[in-house]
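FYI, the numbering for the sequence shown is 6 to 263, going by the numbering used here. Single-structure report; data block below.
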Amino acid sequence: MSSPVTTLARRATAGPAQGFAVWSAAWLAGSAGTDELLAALGEWAPVQSVVDGDLPDLLAEIRALEPHAVRLLLPAPGDARGLPAGTDLEQAAMARGEVVLFDGAAATIALVPTPEAADVMRWQAFLHEPALVDPDPVSLGAAEHALRHAVREAPSALASLPPAPDDASDPRGVVMELTRYLGAHRLPRGATERAHRVLDSASMVEAILLVAGAENPYAGLTLASAQGGDAAYRDLWRTVRAARVAAVNAVCRDELRS
């Protein structure tokens, strides 16, 4: 990958929590082995470690919890839904922007990833009692409908942002390459065509937003400019996050029911 894509990909919502969610659900259901789970996580970093523990023990604790749900959350400033307020878990998940939750009958195990080096991903585990609940789940159908609108609106919304500097790299080429990268992460064999389609569309819109944000770093970030292109920019980001969460969580539900 080229340098601009490498840099932008670090800010993407298609992160290791997505991989851990879908492949651990398949692993819990028995449709994927531990080696497949580790291979999927290796797409983000070849070495996986755990704060104050090790990965085999963590996987054993997750299995012992007998989770009835595996969920991805993609929190962002102003949107901490589903996270327990005022906790270390909320702080860590908000700082990273992604967390995978394993909901048992009486408790939830939450995992937040943190890249430690180019080849090391470290997971911080939290135990929350009682179990957390999904406050406002978005259906996959609703997410796909919203994404269709986002795909239509993205060009006009981004066109209203301030112009990119003259020395910026070719945005179209970077968007295409970044879209391919974000959509390249594998899903378990049981993932539906609709889940693939929603994630592919989310990756395309997200690539546009990441490139636009890199060329205009204050886009959508200042309350004083919360109108026109900036407001649409933030709305598109919310749509992307909701769509990715809906698709990933649908894959997890399907795997656990299989």
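No residue lacks a Cβ here, since even glycine has one placed at the ideal position from N, Cα and C.
Item: Buried/exposed call for Ala17, threshold 16 Cβ in 10 Å; Value: buried
Item: Between the CA atoms of Val180 and Pro9 - distance to the nearest angstrom; Value: 10 Å
Item: Touching by the beta-carbon criterion (3+ pairs, under 8 Å), the stretch 79-92 and the stretch 42-51; Value: no
Item: Opening and closing residue of the alpha helix (DSSP H) in which Asp62 lies; Value: 60-70
Item: Ser208 - DSSP class collapsed to helix/strand/coil; Value: helix
Item: The stretch 54-72 contacting the stretch 86-93, beta-carbon criterion three pairs below 8 Å; Value: no
Item: Sequence-distant residues of its chain with Cβ nearer than 6 Å to Thr244 (five each side left out); Value: Ala151, Ala155
Item: Beta-carbon gap between Ser3 and Ala19 smaller than 9 Å; Value: The shown model of the chain, from 6 to 263, leaves out residue 3, and the question about it has no answer.
Item: Beta-carbon spacing of Val105, Ala115 below 9 Å; Value: yes
Item: Beta-carbon separation (whole angstroms), Pro118 vs Glu103, contact threshold 8 Å; Value: 7 Å
Item: Backbone CA spacing between Asp108 and Leu183 [nearest angstrom]; Value: 33 Å
Item: Neighbour-count burial assignment, Gly218, 16 or more Cβ in a 10 Å radius; Value: buried
Item: Alpha-carbon spacing of Leu63 relative to Val55, whole angstroms; Value: 8 Å
Item: Expected contact under 8 Å - CB spacing of Pro193 and Val256 to nearest Å; Value: 7 Å
Item: Ser54 - DSSP class collapsed to helix/strand/coil; Value: strand
Item: Glu149 vs Ala26 beta-carbon contact at 9 Å; Value: no
Item: Secondary structure of Thr227, DSSP reduced to three states; Value: Bear in mind that a pLDDT of 40 at Thr227, under 50, signals an unreliable position, so the number given afterwards is only what the model happens to contain. Here Thr227 sits in coil by DSSP.
Item: Nearest candidate by alpha-carbon position, reference Asp240, set Arg258, Val210, Ala251; Value: Val210
Item: 8 Å contact criterion, which Trp242 and Leu214 should meet: CB distance rounded; Value: 6 Å
Item: Nearest candidate by alpha-carbon position, reference Thr197, set Ala212, Ala14, Asp259; Value: Asp259
Item: Arg202 versus Val138: straight-line alpha-carbon distance, rounded; Value: 27 Å
Item: Between the CA atoms of Arg246 and Tyr238 - distance to the nearest angstrom; Value: 13 Å
Item: Under 9 Å between C-beta atoms of Leu187 and Ala14; Value: yes
Item: Same chain only: Cβ atoms within 6 Å of Ala98, ignoring 5 sequence neighbours per side; Value: Pro80, Leu88, Val104, Val117
Item: Which of helix, strand or coil DSSP assigns to His73; Value: coil
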